[in-house]
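Below you'll find the structure, written out as structure tokens, and then a few comments.
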Amino acid sequence: MERWLRQRPERSAAGPTPAGFVLGLDVGSSVIRCHVYDHATLIRGSSAQKVESLYPQAGWVEIDPDALWLQFVTVIKESVRVAGIEMNQIVGLGISTQRATFITWNKKTGNHFHNFISWQDLRAVELVKSWNNSLIMKLLQNSCRVLHFFTRNKRFLAVSLFNFTNQHVSLRLAWILQNLVEVQKAVEEDNCCFGTLDTWLLHKLTKGSEFATDFSNASATGLFDPYKMHWSGLLASLLSIPLSILPPVKDTSHNFGSVDEEIFGVPIPIVAMVADQQSAMFGECCFHAGDVKLTMGTGTFLDINTGNNLQHTIRGFYPLIGWKIGQEVVCLAESNAGDTGTIIKWAQELDLFTDAAETEKMAKSLEDSEGVCFVPSFSGLQAPLNDPCACASFMGLKPSTNKYHLVRAILESIAFRNKQLYELMQKEIHIPVTKVRADGGVCKNNFVMQMTSDLINANIERPVNIDMSCLGAASLAGLAIGFWTDKEELKKLRQSEVVFEPQKKWQEYEMSMENWVKAVKRSMNWYNKM
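So for the sequence shown, the UniProt record's numbering puts the first residue at 1; every next one is plus one.
In structure tokens:
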């Protein structure tokens, strides 16, 4: 059942409203977006452009940095123009970015050595396999298991459970260092800089005067020790990655410097850099232990606030730093499914529908998918199956199958993956769930939202503004400069549009999900020679 909520009342004139506006930017996997926020967190102007991914070889996913930079500058200028304001009225800039997408560049000239290597890229799949099966990893894991038994130190437990994944920067960066002679030479000459998207954008915005990242982005690279809160010398040494190329790690809400005034005509303070999922968590006001965020964008990301405790599990929830503001460090546990918005986009390109909004009505027009199952694994299957060699597939096709059945099967697959991730979280993260809030483009689909609510047997809130990564970045920036007083003020300003409440018991979907799980198993290890 959908319970629609009233709009919040207008803010009373109890106190003076700070002058100016805050910019929140989100550089996602498919879209780069900028919103201009006023003090009531209302969007006064916005602009967006599609991010083009490049596929130079099978399994490789890249982004052209020059094209991305032009888009970044353009969306800022356009959003300010749409808002009807001047650049000098922008008092702070917050930047949210997709994580683990990285680049290396020449320290002296600023020229990049290669395109951005996307978090979806699979070029290091063989390296990941060989490292996870290596004698070194087995020795490391087993010795840390013994050390944890005697010391009960959580850091040893985390290392004993650690495995590399394709989505970590670590082995994709190791691949670059092994295969690109130009990068190898620059490293030898101490002339190489490494950065995830946030670091590179900071470098570009300040014309090379600033080199930094924040704790949320660093913690998602697979090269960071969240227990010690610094880059892992052990991992860097194992993979022959020189620590000298990595940026200093700063607070999430921090004065990172100012935009060079030649770019926008005025020096705009850069006062927040944050990874996209952590930013969405902050934008959703999931500030307390047990708060859960379900983002359905290009991929699906399920995050739970674990307070100041890091949680590492066996089957796929990994610890992250949510944000660090002064002495406050908030930790998250996260798992994900790689393909969500990507499969909607793919189905649209196949002309199964014209507009993504049509899919909800198409799915609801049928009683079921007539036994058709879809496996959403263009980039492999993540937790709890963890198979990078799984293939995407339709199964159970019949002569009577039409595009409506295919669309319903696609949407059901998203909800089933949500169920898998949520069930895994309940089994492995022993923190009671306090609330579940959704965001991302796919959360606009009421069919997916209602089915997910039924499957996990929980209420799910959907906000009025679903661009939570933009809002989170803007909120962190605003807190840094006193535009908003504290997190309590942000909680009061938050708006929910609708709450989805369970209508059916999840057991009513049991047979359909069993068939889907069977299809998933048959899709696994398909590309075993990749």
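A virtual CB, placed ideally from N, CA and C, is assigned to each residue, including glycine.
All figures in this text were calculated on a predicted structure; none of them were measured in a lab.
Beta-carbon proximity of residue i to residue j, cut-off 7 angstroms
i: Glu166; j: Pro388; result: In the sequence under discussion, the amino acid at residue 166 is Asn, which differs from the Glu named in the question. Taking 7 angstroms as the Cβ cut-off, Asn166 and Pro388 qualify as a contacting pair.
i: Thr298; j: Ser29; result: yes
i: Thr252; j: Ser216; result: yes
i: Glu284; j: Met449; result: no
i: Ile90; j: Val271; result: no
i: Glu461; j: Arg437; result: yes
i: Ile117; j: Leu25; result: no
i: Val249; j: Thr213; result: yes
i: His35; j: Cys470; result: yes
i: Val75; j: Ile32; result: yes
i: Leu310; j: Leu302; result: no
i: Ser523; j: Ser393; result: yes
i: Leu171; j: Val128; result: yes
i: Phe164; j: Leu246; result: no
i: Lys504; j: Asp454; result: yes
i: Phe102; j: Thr196; result: yes
i: Leu223; j: Leu234; result: no
First and last residue of the uninterrupted alpha helix (DSSP H) at residue i
i: Leu202; result: 197 to 205
i: Asp64; result: Neither: Asp64 is in no alpha helix (DSSP H) and is coded neither H nor E.
i: Cys470; result: 468 to 481
i: Val183; result: 181 to 188
i: Asn217; result: 215 to 218
i: Asp454; result: 446 to 456
i: Trp346; result: 341 to 349
i: Thr359; result: 358 to 364
Buried or exposed (CB count within 10 angstroms, at least 16 for buried), residue i
i: Tyr404; result: buried
i: Thr206; result: buried
i: Arg152; result: exposed
i: Gly441; result: buried
i: Tyr422; result: buried
i: His430; result: exposed
i: Gly15; result: Residue placement at Gly15 is flagged as unreliable, the pLDDT there being 46, under the threshold of 50; a coordinate-derived value is accordingly withheld.
i: Met530; result: Bear in mind that the predicted position of Met530 carries a pLDDT of just 46, short of 50, making it unreliable; the figure below should be weighed with that in mind. Burial call: exposed.
i: residue 532; result: Residue 532 is absent from the model: the chain starts at 1 and stops at 530.
i: Arg6; result: Summary for Arg6: the model assigns pLDDT 45, below 50, so the residue's position carries little reliability; its value from the coordinates is reported in the next sentence. By the 10 Å Cβ count, Arg6 comes out exposed.
i: Gln507; result: exposed
i: Glu510; result: exposed
i: His288; result: exposed
i: Asn361; result: Reading off the sequence, residue 361 comes out as Lys, not Asn. Result: exposed.
i: Leu381; result: buried
i: residue 532; result: Residue 532 lies beyond the stretch modelled for the chain, which goes from 1 to 530, so this question has no answer here.
The beta strand (DSSP E) enclosing residue i, as first and last residue numbers
i: Gly24; result: 21 to 27
i: Cys144; result: From DSSP, Cys144 is part of no beta strand (DSSP E) but of the alpha helix (DSSP H) over 135 to 151.
i: Phe164; result: Careful: Phe164 lies outside any beta strand (DSSP E) and carries neither H nor E.
i: Thr485; result: Note, Thr485: premise wrong, no beta strand (DSSP E); not H, not E.
i: Glu334; result: 328 to 337
i: Glu461; result: 460 to 463
i: Ala275; result: 270 to 275
i: Ile263; result: No beta strand (DSSP E) holds Ile263; the alpha helix (DSSP H) holding it covers 261 to 264.
i: Gln57; result: Element bounds for Gln57: n/a, residue is neither H nor E.
Coil, strand or helix - residue i by DSSP
i: Ser12; result: Residue placement at Ser12 is poorly supported in this model, since its pLDDT is 38, which falls under 50; the coordinates are not used for a value here.
i: Lys518; result: helix
i: Cys285; result: coil
i: Leu234; result: helix
i: Gly441; result: helix
i: Met524; result: coil
i: Arg6; result: Here the model assigns Arg6 a pLDDT of 45, short of 50, so the residue's position is not dependable, and the following value carries that caveat. Arg6: coil per DSSP, three-state reduction.
i: Val36; result: strand
i: Arg123; result: coil
i: Glu412; result: helix
i: Thr74; result: helix
i: Lys324; result: strand
i: Lys293; result: strand
i: Phe256; result: coil
i: Asn88; result: helix
i: Asn305; result: strand
i: Phe116; result: strand
i: Phe317; result: coil
i: Ala392; result: coil
For the stretch 340 to 353 and the stretch 260 to 277, state whether three or more C-beta atom pairs, one from each stretch, are separated by less than 8 angstroms.
no
For the pair the stretch 364 to 376 and the stretch 410 to 417, tell me if three or more CB-CB distances fall below 8 angstroms.
yes
Specify whether the stretch 390 to 405 and the stretch 320 to 337 touch according to this definition: at least 3 beta carbon pairs, one from each stretch, less than 8 angstroms apart.
no
Should the stretch 310 to 319 be regarded as contacting the stretch 196 to 204, the criterion being three or more beta carbon pairs within less than 8 angstroms?
no
Taking three-plus beta-carbon pairs below 8 angstroms as touching, is the stretch 105 to 115 in contact with the stretch 35 to 46?
no
Does the pairing of the stretch 118 to 128 with the stretch 174 to 181 give three or more beta-carbon distances under 8 angstroms?
yes
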